[in-house]
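Step one of this worksheet: look at the structure below.
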Amino acid sequence: MPLLSIVIPAYNEAETLEHVVPALRTALCARQIDFEVIFIDDGSTDSTFEKIRRQSEAADNVRGYRFSRNFGKEAAIWAGLKEARGDCCVVMDCDLQHPPESLPEMYRLWESGYEIVEGVKKSGGGSAAYKLFSGIFYRVISRLSGMDMQKSSDFKLLSRRVVNELLRFKERNTFFRGLSFWVGFNSTKIVYEPAARKFGKTKWNFFQLSKYAVNNIVGFSTAPMQLVTGIGIALLAASVVLLIQTLIRFFSGQALEGFPTVILLLLIIGGGVMISLGIIGVYIAKIYDEVKDRPRYIISQSTGGDSDS
Ligand code: UDP
Ligand code: MG
């Protein structure tokens, strides 16, 4: 019987943790779906790993890995995919916002031949500001990458083939949501209603979300650098107009009044140059990060399976 691996990144989720495996069991056992659960504790500072250990001792099909520090959800997803042994893998959040009840449907779609089943949020949760910014972010990134990622989430099922392809990626700055589109294969969507978070609270603040957005846009597209070229061309065009105006004024003998113009021009050009340098700097920083080729995460402890420690 095919095995479904469920990869769950968990960061300070001690409150929800106990509820996850029972919920999965309820959703999957009745449908006779064989599954394993892989928890990745992303360097939690609470008792998350203790709870994972307890779960894995109570059931053969639960394993856990603990990062040596907080490496971020992306790293945790990748670690989980690497450890998964199933014929297909689902990535889901630990807070049960991704409904386990959708799993059988995703699994059936996989059985019927789809390699990727995307979970698409029905109605986005979060504040109005969150909706606005995430709306802009997905529109920008969908436009830049030419792939429709609106309302997408990390809740996905991937076949073994897709997981193996993703594991070949050497980049450190991964964007799971985007890369699962990038790999292609025949995919389908299921719509799910994100449940409200029952325990704990969201791990994201505005600063982290902005960082995530910038990182992923930079990681996925070089369009911002072309923007620099665009700004340059626009400035050049404007300078031709100014040049003509200045020359006319000079020859008609009224050239002395240009002082405010000079200050304004200096400020505009100075600002433009600084922003452009900044954009290029972001890419150089990314290149620097990738070139160092450090491991994406470090596992300090594991529990369950053959590799107990
Ligand atoms: N998470 C993680 N590392 C982090 C932050 C979050 O592994 O640094 C996990 C978290 O435990 C949860 C999932 O990522 O399972 C989604 O986090 P959260 O619910 O806080 O995000 P939201 O649902 O609000 O987007
Ligand atoms: Mg959540």
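Quick note on numbering: the sequence shown equals residues 152 to 460 in my numbering. The beta carbon of each residue, even a glycine, is placed where N, CA and C say it ideally should be.
Following the continuous alpha helix (DSSP H) through residue i, name the residue where it begins and the one where it ends.
i           : result
residue 372 : Looking at the DSSP string, residue 372 is not in any alpha helix (DSSP H), and its letter there is neither H nor E.
residue 480 : The requested residue 480 is not part of the displayed model; the chain covers only 152 to 460.
residue 202 : 199–209
residue 355 : Run containing residue 355: none; DSSP gives neither H nor E here.
residue 224 : 224–234
residue 322 : That residue, residue 322, is in no alpha helix (DSSP H); it is neither H nor E in DSSP.
residue 447 : Premise fails: residue 447 is in no alpha helix (DSSP H) and is neither H nor E.
residue 348 : Per DSSP, residue 348 belongs to no alpha helix (DSSP H) and is neither H nor E.
residue 256 : 254–262
residue 329 : 327–333
Taking the continuous beta strand (DSSP E) assigned at residue i, which residues delimit it?
i           : result
residue 188 : 185–192
residue 451 : 450–454
residue 167 : No beta strand (DSSP E) holds residue 167; the alpha helix (DSSP H) holding it covers 165–180.
residue 343 : 338–343
residue 305 : 303–310
residue 410 : Residue 410 -> not in any beta strand (DSSP E); alpha helix (DSSP H) instead, spanning 410–443.
residue 215 : 213–218
residue 269 : 267–272
State yes or no: is the C-beta of residue i within less than 8 Å of the C-beta of residue j?
i           : j           : result
residue 348 : residue 248 : yes
residue 160 : residue 235 : no
residue 158 : residue 268 : no
residue 164 : residue 199 : yes
residue 238 : residue 153 : yes
residue 351 : residue 169 : no
residue 365 : residue 434 : no
residue 156 : residue 194 : no
residue 318 : residue 334 : no
residue 461 : residue 330 : Residue 461 falls outside the range modelled here, since the chain spans only 152 to 460, and no answer is possible.
residue 336 : residue 256 : no
residue 402 : residue 292 : no
residue 223 : residue 191 : no
residue 346 : residue 254 : no
residue 185 : residue 323 : no
residue 447 : residue 229 : yes
residue 274 : residue 344 : yes
residue 327 : residue 305 : yes
residue 419 : residue 376 : no
residue 217 : residue 453 : yes
Can you check DSSP and say which residues form a bridge with residue i?
i           : result
residue 160 : 191
residue 154 : 185
Quick one: does the C-beta of residue i sit closer than 7 Å to a heavy atom of ligand 1?
i           : result
residue 353 : yes
residue 348 : yes
residue 166 : no
residue 356 : no
residue 230 : no
residue 160 : yes
residue 227 : yes
residue 206 : no
residue 335 : no
residue 224 : yes
residue 193 : yes
Measuring from the CB of residue i, is there a heavy atom of ligand 2 at a distance below 7 Å?
i           : result
residue 452 : no
residue 305 : no
residue 244 : yes
residue 377 : no
residue 396 : no
Could you check if residue i belongs to the surroundings of ligand 4, using beta carbon to heavy atom distance under 7 Å?
i           : result
residue 359 : In terms of ligand content, the structure shown lacks ligand 4 and carries ligand 1 and ligand 2 instead.
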